[in-house]
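Enquirer: Here's a structure for you.
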Amino acid sequence: MMPVDLIHLLSALVGSDALLTGESAVPYCTDWRGRYSGTALAVLFPADTQQVAEIVQLCAANQIAIVPQGGNTSLCGASVPLPQGEQIVLNLSRMKRIRAIDPTNYTMTVEAGCTLASVRETAEQNDRLFPLGLTAIAPHCEIGGNLSTNAGGISVLRYGNMRELVLGLEVVLPDGRVWNGLRSLRKDNTGYDLKHLFIGAEGTLGIITAAVLKLFPRPRSTATACVAIANPDAAVRLLAHIRASCGHALSGFEIISRSSLDLVFKHIEDAQEPFMRRYEWYLLIQVSDVLQDSPDGAVRNGLLSFGGAVLEFDIAADTDGAENWWKLRKNISEAQKREGFSIKHDIAVPVSCVAEFITRADAALRNAFPGVRIVVFGHMGDGNIHYNVSMPDAAQNKTFIAQQEGAVNKLVYAVVRELNGSISAEHGLGQLKRETIRDYKDPLELELMRNIKQALDPQGLMNPGKVL
Ligand SMILES: Cc1cc2nc3c(=O)[nH]c(=O)nc-3n(C[C@H](O)[C@H](O)[C@H](O)COP(=O)(O)OP(=O)(O)OC[C@H]3O[C@@H](n4cnc5c(N)ncnc54)[C@H](O)[C@@H]3O)c2cc1C
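For the sequence shown, our numbering gives the first residue as 14, with consecutive numbering after it.
Here is the structure:
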């Protein structure tokens, strides 16, 4: 079938106002960072699962590849088409119905296009918590995208990542059949747990159209501590210490380097230094509890009993005070974007090895590239560090990135490998790390992944050029 005929059929399926081509399709073909852009035959906005199934059947019959898309906030080029222009983008944003909420079962059933912010809000209106904490991007990213990237964020330490927050899925398979796995059971040992294949698959195995999410009791009291800490090694030890004093109430433990804060102060209005003195390393520690009593006593005791490596700290029990500190953390990505490109790494190592990773990677890079700027921040409580490398001078940075990205990655990933870590903790592989992963993942694991892909998507039409 000619592409023009296919577009007519697709338009008849979804309605002409739910199909974009040409210039109006461009924003959906470019990623959030502006690093990857492709072209598509069309961008489609289906209204329900039935329409998704019919689109997929039509595309399968005509061997047209599909790029599933949610909020298009992927940081690894996973959600945009390739440059050849022979794919369609299937954007789920119109599918944003909350299908059911069951506060007694602590679950809600939502469509894939619900934004994370809307899901959190609906849970709250029902006196429940949906804890996925991608706060900076929650109004834009969608549940389908969160599931497909197995997203993490700031509360993984307590609640786990997206994989741990879901009980059931509805998926349109690559041949157009609909798998209804929307179960809301806490226990179901009836063979392979298929939902886990689609979570974290970055749209390469099928299209998630709905999910049953787990809800939690809503915390009644929260406290945030902002801490100036001597170095990452002390931060690792403090984390273990604070866990012992705060237990289950500890819900976030974020590290921020001076270089990250400097970028925020340069690019974000009204951002304020947390203390009168400037320090090299900061932590944001969050504790929250369903009990009314504020949990700040536990964190205060933990900090006071730790010793001299805690250089200064303050605790805010009210949201306003804490919000000023969280604003610093949430705006690091935005400040980096405004500053220009950097070579980004989203790595994980065992929590006890975070300081060793930072020390060794810093030393290797500073030795190889004198004057390099290293921006370090992230979810230290999960051993997940965002480790971003650039040159402070804009002109020099352009050449540096063009010429040295591979060399920088090699140095950083060598340390990750030696510490038994992962080169992608929470952002996925997408286009960015599709080639690189071959050098860092066990060949047998890659072979098993290819076998699964072949079994579910033998024509290779689901988000080709990503992950594998
Ligand atoms: C400023 C910023 C901060 C971020 N912070 C974090 C963070 O703290 N933690 C974290 O984990 N991530 C973070 N991210 C990245 C994160 O991956 C995304 O924000 C989010 O999970 C992706 O959701 P999305 O709806 O935008 O998906 P998209 O970007 O549209 O898609 C992501 C992937 O999922 C696939 N996909 C999307 N919808 C579906 C579907 N319905 N069915 C099948 N496949 C689908 C796409 O094909 C693509 O492979 C951040 C991103 C930005 C820009």
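Glycine is no exception: its CB is placed at the ideal position from the N, C-alpha and C atoms.
All values derive from a computational prediction rather than experimental measurement.
So is Q64 buried or exposed if we call it buried at 16+ other beta carbons inside 10 Å?
Expert: Its Cβ being crowded by 16 or more others within 10 Å, Q64 is buried.
Enquirer: Please give me, in chain order, every unbroken run of the alpha helix (DSSP H) with length at least 4 that falls completely inside the stretch 264 to 323.
Expert: Whole alpha helix (DSSP H) segments, 4+ residues: 271 to 280, 309 to 317.
Enquirer: Given a cut-off of 7 Å, decide if S403 and S346 are closer than it, judged by their beta-carbon atoms.
Expert: No. Outside cutoff.
Enquirer: Hey, L198 and A248: beta-carbon distance below 7 Å or not?
Expert: Their beta carbons are not under 7 Å apart, which means L198 does not touch A248 by this criterion.
Enquirer: Quick check: what's the CA-CA separation for G521 versus I242?
Expert: Nothing can be reported for residue 521: it is not among the residues displayed for the chain, which extend from 14 to 481.
Enquirer: Please list the terminal residues of the continuous alpha helix (DSSP H) segment that includes A74.
Expert: Its alpha helix (DSSP H) spans residues 62 to 74.
Enquirer: At 4 residues or longer, what runs of the alpha helix (DSSP H) sit wholly inside the stretch 65 to 140?
Expert: For the stretch 65 to 140, whole alpha helix (DSSP H) runs of length 4 or above, ordered along the chain, are 129 to 138.
Enquirer: Can we count C154 as close to ligand 1, meaning its CB is less than 6 Å from some heavy atom?
Expert: C154: yes, Cβ under 6 Å from ligand 1.
Enquirer: From the DSSP output, read off the bridge partner residues of S403.
Expert: Partner(s): R386.
Enquirer: Classify L170 as buried or exposed, calling it buried when 16 or more other Cβ atoms lie within 10 Å of its own Cβ.
Expert: Buried is the call here.
Enquirer: Do the stretch 208 to 224 and the stretch 156 to 165 meet, that is, are 3 or more Cβ pairs less than 8 Å apart?
Expert: Contact holds: three or more Cβ-Cβ distances are below 8 Å.
Enquirer: In the DSSP output, which residue or residues are listed as bridge partners for W192?
Expert: Bridge partners of W192: V184.
Enquirer: Report all residues from its chain with a CB closer than 6 Å to the CB of F319; omit the five preceding and five following residues, and keep chain order.
Expert: Cβ within range, chain order: L251, H254.
Enquirer: Which residue marks the beginning of the alpha helix (DSSP H) containing A257, and which one marks its end?
Expert: 245 to 259 is the span of the alpha helix (DSSP H), which, as asked, contains A257.
Enquirer: Heavy atom of ligand 1 less than 6 Å from the Cβ of G47, yes or no?
Expert: False, no ligand heavy atom lies under 6 Å from that Cβ.
Enquirer: For R196 and I220, I'd like the C-alpha separation in whole angstroms.
Expert: Their Cα atoms are separated by approximately 17 Å.
Enquirer: Considering Cα atoms alone, identify which of H440, R451, G396 is closest to K423.
Expert: Nearest option by C-alpha distance: R451.
Enquirer: Which residue from L71, G165, I77 puts its Cα closest to that of H392?
Expert: Comparing Cα-Cα distances from H392 to each of L71, G165, I77, the minimum goes to G165.
Enquirer: By Cβ distance below 6 Å, which residues in the same chain neighbour L316 in space, the five residues on each side in sequence not counted?
Expert: Result list for L316: V323, F326, in chain order.
Enquirer: A438 to I101, Cα distance in whole Å?
Expert: Taking the straight line joining both Cα atoms gives about 28 Å.
Enquirer: Does the separation of the CB atoms of P116 and N85 fall below 7 Å?
Expert: No, the pair does not count as a contact, with Cβ atoms beyond the cut-off.
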